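*Asks:* Position in the sequence shown (from 1) plus 2 gives the number in the numbering used here.
Quick reminder that beta carbons are idealized off the backbone N, C-alpha and C, glycines included.
All of these numbers come straight from a predicted model, not from anything done at the bench.
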Amino acid sequence: MFKKLSQFIEKMEMGEEVHVDDLQIRRLIHKDAGLNTQIPLLTLDEACRRRLVTIKEVSNGATVSRIEVKNDSPHKVFVLEGELVRGARQDRAVNTNTVIEPNMSKEVPVSCVEQGRWRGDSPEFTTNYATFPPSIKSDLQNQVTDNSINFGFNDSNQSEIWNKIGIKQASMSVYSITNSILDIFEANNARLSSDDVRNAINPCKDQVGFLAFIRGGFAGGEIFGNAELYSKTCASLIYGYLLDSLDRNVSFPFVDVSTALRDFKPIRLMRIKSEGSGSEFRFYTKCLQGTYRLVDDNFVYCNLFARKSNNHRRFVNW
Numbered sequence: 003m004f005k006k007l008s009q010f011i012e013k014m015e016m017g018e019e020v021h022v023d024d025l026q027i028r029r030l031i032h033k034d035a036g037l038n039t040q041i042p043l044l045t046l047d048e049a050c051r052r053r054l055v056t057i058k059e060v061s062n063g064a065t066v067s068r069i070e071v072k073n074d075s076p077h078k079v080f081v082l083e084g085e086l087v088r089g090a091r092q093d094r095a096v097n098t099n100t101v102i103e104p105n106m107s108k109e110v111p112v113s114c115v116e117q118g119r120w121r122g123d124s125p126e127f128t129t130n131y132a133t134f135p136p137s138i139k140s141d142l143q144n145q146v147t148d149n150s151i152n153f154g155f156n157d158s159n160q161s162e163i164w165n166k167i168g169i170k171q172a173s174m175s176v177y178s179i180t181n182s183i184l185d186i187f188e189a190n191n192a193r194l195s196s197d198d199v200r201n202a203i204n205p206c207k208d209q210v211g212f213l214a215f216i217r218g219g220f221a222g223g224e225i226f227g228n229a230e231l232y233s234k235t236c237a238s239l240i241y242g243y244l245l246d247s248l249d250r251n252v253s254f255p256f257v258d259v260s261t262a263l264r265d266f267k268p269i270r271l272m273r274i275k276s277e278g279s280g281s282e283f284r285f286y287t288k289c290l291q292g293t294y295r296l297v298d299d300n301f302v303y304c305n306l307f308a309r310k311s312n313n314h315r316r317f318v319n320w
């Protein structure tokens with residue numbers, strides 16, 4: 003299963019570098035990626051804007067760790083790990099990549115990102131065109147991996163998520179009545195919507211992803227199975243990386259990512275519980291860790307983070 007991802011990465015090329023303050027983005031190019039379009043996937047934001055999905059609390063309205071996504075379209079809907087949704091009883095973040103079949107409903111595992119509210123401000127959720135910053139997303143991924151392996155559920159450690167959000171609010175001097183991470187994005191909206199940010203977001207021809215560095219450290223990488231899917235998700239992902247770059251108390255380890263990608267071999271590889279159709283995997287290489295998704299045996303998405311020392315040895319069930 004790892005072969006599909008490694009073969010895809012082998013054919014990638016490094017594109018131009020784009021700088022926005024302390025954030026450096028290295029574009030990833032794949033000239034054959036346009037051929038990998040067998041899976042017509044809608045993104046959650048795209049489907050929401052076209053009113054093809056409904057996102058709401060689960061039927062009893064009292065489950066923090068789950069929301070219901072109803073797909074009324076004839077296409078699969080791809081929900082991205084760390085994607086933020088706003089509204090209903092409290093804002094949430096999606097715990098793991100999820101693919102929802104056409105004309106189906108799915109309970110999606112989520113984390114609360116708004117500790118100070120539990121009331122119905124609106125009957126449904128809306129997408130917010132933002133994802134978790136990598137400093138929180140990488141921790142979320144580790145938590146979900148642990149719980150999936152040990153307990154069979156793709157849940158996070160909710161108290162740790164709240165703690166991370168609280169630290170970021172304090173670090174960036176943002177006051178939020180309900181402690182929502184989306185208020186941190188809104189407080190920095192002027193910077194996030196500037197011209198140089200728009201230039202960084204705009205994808206170039208055949209771009210399928212990027213590597214991101216903050217003050218020289220490797221913040222993470224995002225890779226998609228085709229350029230079209232990347233173009234529909236890149237803004238929300240880059241906003242998350244930009245938010246971390248604006249936080250002077252966030253740092254990332256230095257990693258020779260180019261060399262790591264040239265020798266992209268897993269030390270550990272496992273399949274975890276898949277939410278919706280397709281297969282979800284976690285992997286560890288010598289200096290990287292991440293997740294990748296297959297749908298109908300086609301590579302759809304992968305992310306990369308610097309591997310924490312001996313992190314893979316925690317998983318006794320591998």
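(1) One question on the structure: do I322 and V199 come within less than 8 Å of each other, judged by their Cβ atoms?
(2) What did DSSP end up calling R193 once you bin it into helix, strand or coil?
(3) Here's the rule I'm using: 16 or more other beta-carbon atoms within 10 Å means buried, otherwise exposed. How should F256 be labelled?
(4) Tell me the rounded alpha-carbon separation between Y286 and L271.
(5) Can you tell me whether T65 is helix, strand or coil according to DSSP?
(6) Starting from L296, follow the beta strand (DSSP E) in both directions and report where the run begins and ends.
(7) What distance in whole Å lies between the Cβ atoms of N201 and V20, which are believed to be in contact at a cut-off of 8 Å?
(8) Hey, is the segment 73 to 84 in contact with the segment 95 to 102, meaning 3+ C-beta pairs nearer than 8 Å?
(9) Comparing alpha-carbon positions, which option in G280, K288, L306 lies nearest R295?
(10) Return the Cβ separation of R94 and W120 in integer angstroms, given the expectation that the two are a contact with Cβ distance under 8 Å.
(11) With three or more beta-carbon pairs closer than 8 Å as the criterion, would you say the segment 238 to 252 touches the segment 134 to 147?
(12) Quick check: what's the CA-CA separation for Q143 versus K288?
(13) Looking at P104 and S75, is the spacing between their C-beta atoms short of 8 Å?
(14) Note down the Cα distance separating A221 from P125, rounded to an integer number of angstroms.
(15) Assign C206 to one of three DSSP states: helix, strand, or coil.
(16) Apart from the five residues on each side of it in sequence, which residues of its chain come closer than 7 Å, Cβ to Cβ, to N130?
(17) Measure the alpha-carbon distance for L7 versus E18 and round it to whole angstroms.
(18) Using C-beta distances below 7 Å, list every residue in its chain close to S276, excluding the 5 sequence neighbours before and after it, in chain order.
(19) Under the criterion of a Cβ to heavy atom distance below 7 Å, does F307 qualify as lining the ligand MN?
(20) I need the boundaries of the alpha helix (DSSP H) containing K1, first residue and last residue.
(21) Measuring straight from C-alpha to C-alpha, what distance separates A192 and I240?
(22) Have a look at the DSSP bridge pairing and note the partners of Y286.
(23) Buried or exposed for K13, going by 16 or more other Cβ atoms inside 10 Å?
(24) Per DSSP, which residues does Q26 bridge with? Please list them.
*Replies:* Working from what's here:
(1) As displayed, the chain neither begins before 3 nor continues past 320, which places residue 322 out of reach and without an answer.
(2) DSSP places R193 in helix when its eight states are reduced to three.
(3) So F256 ends up on the exposed side.
(4) So the alpha carbons of these two residues sit roughly 7 Å apart.
(5) DSSP, reduced to helix, strand and coil, places T65 outside both helices and strands of the structure shown, so it counts as coil.
(6) For L296, the uninterrupted beta strand (DSSP E) segment begins and ends at 290 to 297.
(7) Going by Cβ atoms, the distance from V20 to N201 rounds to 7 Å, so yes, they are a contact pair.
(8) Verdict: yes, contact present.
(9) For the residues G280, K288, L306, the minimum Cα distance to R295 belongs to G280.
(10) Going by Cβ atoms, the distance from R94 to W120 rounds to 12 Å, so no, they are not a contact pair.
(11) Three or more pairs of CB atoms, one per stretch, sit closer than 8 Å, so the segment 238 to 252 contacts the segment 134 to 147.
(12) Between Q143 and K288, the C-alpha separation is close to 18 Å.
(13) Yes. Within cutoff.
(14) Using only the alpha carbons, I get a separation of about 36 Å.
(15) Residue state, collapsed to three classes: coil.
(16) Counting only Cβ-Cβ distances below 7 Å, and skipping sequence neighbours, we find L86, V87, R88, L184.
(17) Near 23 Å, if we compare the C-alpha coordinates of E18 and L7.
(18) Hits under 7 Å: E282.
(19) Although the ligand MN was asked about, the structure shown includes no ligands whatsoever.
(20) No answer is possible for residue 1: it lies beyond the span of the chain, which begins at 3 and ends at 320.
(21) Going from the Cα of A192 to the Cα of I240 covers about 15 Å.
(22) For Y286, which the question treats as bridged, DSSP gives the partners R270, Q291.
(23) With fewer than 16 Cβ atoms within 10 Å of its Cβ, K13 is classed as exposed.
(24) Its beta-bridge partners are H21, F215.
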